[in-house]
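Here's the structure, in structure tokens; my notes come after.
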Amino acid sequence: MNAPDRYERFVVPEGVKKVSYERDTKIINAASFTVEREDHTIGNILRMQVPISLNFFEHLSFQGVLFLQLHRDPDVLFAGYKLPHPLQYKIIVRIHTTSQSSPMQAYNQAVNDLDKELDHLKSAFEAELAKHSREY
Amino acid sequence: MEGRSYQRFPTVKIRELKNDYAKFELRDTDASIANALRRVMIAEVPTIAIDLVEIEVNSSVLNDEFIAHRLGLIPLTSERAMSMRFSRDCDACDGDGQCEYCSVEFHLRAKCLNDQTLDVTSRELISSDPSVVPVDFASPSSEYDNAENRGIMIVKLRRGQELRLRAIARKGIGKDHAKWSPAATVTFMYEPEIYINEDMMEKLTLEQRMSVVESSPTKVFDIDAKTGRVVVVDPEAYTYDDEVIKKCESLNAPGLVEVHPKEDSFIFTVESTGAIKASQLVLNAIDILKQKLDAVRLSEDTVEADEQFLELDAHMRGG
Amino acid sequence: MLSLKYGQTDEVAALFSLCRMDTLIYLLVYPQRPLLTTRTIELVGYDKLGAGQNATVAVMSYSGYDIEDAIVMNKSSLDRGFGRCIVMKKMSAIVQKYENGTSDRIIRPQRERYDPERLQILDDDGLASPGEIIRPDYIYINKQSPVVTRGPITSPMGLPDSAYKPSIQTYKGPEGETPVLDRVSLCSDKNNNLCIKFMVRHTRRPEVGDKFSSRHGQKGVCGTIVQQEDFPFSERGICPDLIMNPHGFPSRMTVGKMIELLGSKAGVSCGRFHYGSAFGEPSGHADKVEAISETLVKHGFSYNGKDFIYSGITGMPLQAYIFMGPIYYQKLKHMVLDKMHARGSGPRVMITRQPTEGRSRNGGLRVGEMERDCLIAYGASMLIYERLMISSDPFEVQVCRKCGLLGYYNYKLKTGICSTCKNGDNISTMKLPYACKLLIQELQSMNIVPRLKLTEA
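The listed protein sequences derive, respectively, from chains Z, L and G.
Going by the UniProt record's numbering, the residue at position 117 of the first sequence is 117; the numbering climbs one at a time, nothing skipped.
Going by the UniProt record's numbering, the residue at position 124 of the second sequence is 124; the numbering climbs one at a time, nothing skipped.
Going by the UniProt record's numbering, the residue at position 380 of the third sequence is 380; the numbering climbs one at a time, nothing skipped.
Right, dumping it as structure tokens:
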């Protein structure tokens, strides 16, 4: 009733860019990317470009270094995202890199890597599917 | 902008596959990808569902909104959904959502003429498109398809009551309304790695071993009848409940059983509402996620939303 | 059948409620039978009248929108019909007979007279027809009253059209609500006048601010509505409908709610309704928690009712086991839609010229004593000035600097005049709240003379 229209959540309004970025004025090689009408789905996979401490498993006596971290971009010093407000349907991804790279480069690289990963995942799933249907 | 690639190569192994159910392992990736897939399956894979209902006659006991809500929640077969247009960006019908590219029309006519209560079910919905029909649960799986093949109940009519309506089904996603969500259940778990310290186990009596086996609420462990050793029979039944570990501690044998979640491998369970096949649901989710990533990629025309730059830009254009 | 009044909940007060023309009834769209009842509830038949729904509740903290007893709700659950309710309100009209033999009349709508949009739900008999969507300002009865209702009249039946004035009734409801006209009934009242009653029905889905309660008096408003994919989930695929903050437990000591959760959880797992009658364990009228725990363990849950849960946002496990299971939740009739209120400018009270009070009179929101104290403490003098005078009841007065009494403005001479000194020599114009001017005059009427001493600001 008083809530905003539900399509607001995923339809990018006219005249608004899906992605825009802003360089940090104080720190070099740091920038914030504003991605309109996206949520944790995109935010989280982008953020995971950088190692974060996983304390979640401590109580389960989890040990060992996450091998995932090895696969990550060493040039990225910080990557995080936030949803500013539940009624602002956008995420802000912040990336800070070393001078070897730039936030934009790291951002695009992350998107490309994820894209390729999903390509791979899709073909792997399709292959499994074909195999599975042959068996039955 | 070519940087080093840190791409991963996830692997998949399908364990179980039915039309509306899939169980598979996803390895060599992390929780964010697994979760993104789960989230997309729930909220962003499109299906078709009834969105607009025009009621001509309704003398049933349920009111119009009630029936419209129930109609909306009926799953419709949606193989077409990926190629269909959203009615809000359909050019052919100017957004009123009544053309063949973005909508499917349904009719329902039912009247009870005798003393027996008439059950109006989803089978009475007549579609204008043979590929978009209410999901029929009985036909594909041979287990339940005897007399109980009735469709989804919409309303019951007594003598003299009538229901006549026209409904428009449209494409949509679960983020908009749950009726468009193709997933009944999408969930994953970390694959557990269970390690039993055999040396310590040797020191326990058979009764103590039994108590260890029984401490787990789910049947994870069992005792080998021949050797009397505790063995893991179903590691995936383990629900990370810590009961076994607590039991071991109470037996003065911490470390007897250790469980670690494998951080990079997940066991997915996908159950579909029947709108699309469970396997197709996963594939569609990957496609949608790829589309989403494409949309957020920085392109040549991505502007830098920096105030200084904007001012400069305006200055340059203004001359 | 008794008509029972059940306080605040949304339940059907009696089974025949739908046949009656009550002024206001609240109905739940998909009522359920509680998974955990007591023997008393069964005896009274309370479980036969659905009052709420078995919501899967996770007792955990989520997002900060759940402080102070607020609950976080799952949007998909709401989409599927959780907490949906029907509100029915009555509107009535009377066709009055007058002493001179004339009476009101209802005529078919005259299209040229009003905006056709406002007439569109009217039938040819001049009454709105059932099943139509009614919007604010729509006419639901096209009634006319005779101009002359007293004294003898030549031919009471054959009054010309010009002898009637319109007395239409229009629907006044909140903007944005789209209610439907459910039923129209015609009957006669105690004075034998024709009485027409309209039932207006509106289906509402829960929104932020609606109030819910479990059966243990643990009430709370909906703090936020969250997408299902953001909600936590278990590896079995269970996703709660509702998240409740654990801070509600220690001070209230509602152990019954925890037992209800356990009992309901065991109930859904094994397919038997459980009992939670108070002190019923020895006599076998209630299930013991030990027995419930055994049932839970048998169905693969932890004995303490806690589940291992993953965050829907990151996909990673939560750091604690979460107490989760079904609890019977009721929707209370306090809904924001009936309460929300805001005002810019609007009606004023005649005597003080200050804004009216209360939502029904479209009143203003009062800056009270305590709020004023805060503003004083902040030193926000201009804000006080604005709130207490400019936005309330500013009034311009003529004050005599000599005698300190109020004068008046003479429009002919275009100058202020002191009515006590009988001249306009020492008049100053100033602004003060109308209520202040009123006070001065009321004091004067009691033989007390308040004199204003003016200094240059």
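The beta carbon of each residue, even a glycine, is placed where N, CA and C say it ideally should be.
Straight-line gap, residue i to residue j (C-alpha atoms, nearest Å)
i	j	result
R170 (chain L)	V45 (chain L)	14 Å
I292 (chain G)	G263 (chain G)	6 Å
I276 (chain L)	L76 (chain L)	9 Å
Q7 (chain L)	A106 (chain Z)	13 Å
K298 (chain G)	E235 (chain G)	17 Å
residue 497 (chain G)	G416 (chain G)	The structure shown does not extend to residue 497 (chain G), since chain G is modelled only from 1 to 457, so the question has no answer here.
E79 (chain L)	E117 (chain Z)	25 Å
D264 (chain L)	E193 (chain L)	12 Å
F323 (chain G)	S61 (chain G)	11 Å
Y378 (chain G)	S167 (chain G)	53 Å
Y434 (chain G)	T352 (chain G)	6 Å
Q319 (chain G)	R297 (chain L)	34 Å
S133 (chain Z)	V282 (chain L)	16 Å
Y329 (chain G)	P31 (chain G)	10 Å
F231 (chain G)	I238 (chain G)	10 Å
N191 (chain G)	I94 (chain G)	10 Å
I288 (chain L)	K122 (chain Z)	11 Å
L70 (chain Z)	G274 (chain L)	Interpretation of L70 (chain Z) is limited by its pLDDT of 33, a score under 50 that renders its predicted location unreliable; the figure taken from the coordinates is listed afterwards. Approximately 40 Å between the Cα atoms of the pair.
G284 (chain G)	T56 (chain G)	27 Å
V257 (chain L)	T205 (chain L)	16 Å
I14 (chain L)	K23 (chain L)	6 Å
S213 (chain G)	L125 (chain L)	38 Å
E202 (chain L)	D224 (chain L)	13 Å
G300 (chain G)	V268 (chain G)	13 Å
Same chain only: Cβ atoms within 7 Å of residue i, ignoring 5 sequence neighbours per side
i	result
D39 (chain Z)	L83 and I91
T420 (chain G)	C400, C403 and L405
K219 (chain L)	V233, D234 and A237
L129 (chain Z)	none
L60 (chain Z)	At L60 (chain Z) the pLDDT is 35, less than 50, meaning the model places this residue with poor confidence and gives no usable figure here.
Beta-bridge partners of residue i, as assigned by DSSP
i	result
E16 (chain L)	L:K23
R201 (chain G)	G:M88 and G:V180
M189 (chain L)	L:I267
G220 (chain G)	G:F212
C403 (chain G)	Answer by DSSP bridge pairing: none, since C403 (chain G) is not bridged.
K156 (chain L)	L:D119
F323 (chain G)	G:V59 and G:K306
R109 (chain L)	L:R164
I194 (chain L)	L:V259
Residue burial classification, residue i (beta-carbon count within 10 angstroms, cutoff 16)
i	result
F16 (chain G)	exposed
L163 (chain L)	buried
M316 (chain G)	buried
N447 (chain G)	exposed
F198 (chain G)	buried
N142 (chain G)	buried
R201 (chain G)	buried
T314 (chain G)	buried
Y140 (chain G)	buried
Cβ pair residue i, residue j closer than 9 Å
i	j	result
Q441 (chain G)	D393 (chain G)	no
N35 (chain L)	S272 (chain L)	no
N29 (chain Z)	Y81 (chain Z)	no
K331 (chain G)	P152 (chain G)	no
L413 (chain G)	L452 (chain G)	no
P86 (chain Z)	H96 (chain Z)	no
M244 (chain G)	D123 (chain G)	no
I259 (chain G)	G276 (chain G)	yes
Y171 (chain G)	M91 (chain G)	yes
C112 (chain L)	R158 (chain L)	yes
Nonlocal neighbours in the same chain, by C-beta distance under 6 Å from residue i, ignoring five residues either side
i	result
K422 (chain G)	none
I286 (chain L)	none
K18 (chain Z)	V12 and E36
G346 (chain G)	N362
R85 (chain L)	Y101 and C102
L186 (chain G)	I196
H334 (chain G)	K211
Residue i at chain A interface by Cβ criterion, 9 Å
i	result
N29 (chain Z)	The question asks about chain A, but that chain is absent: this structure's protein chains are Z, L and G.
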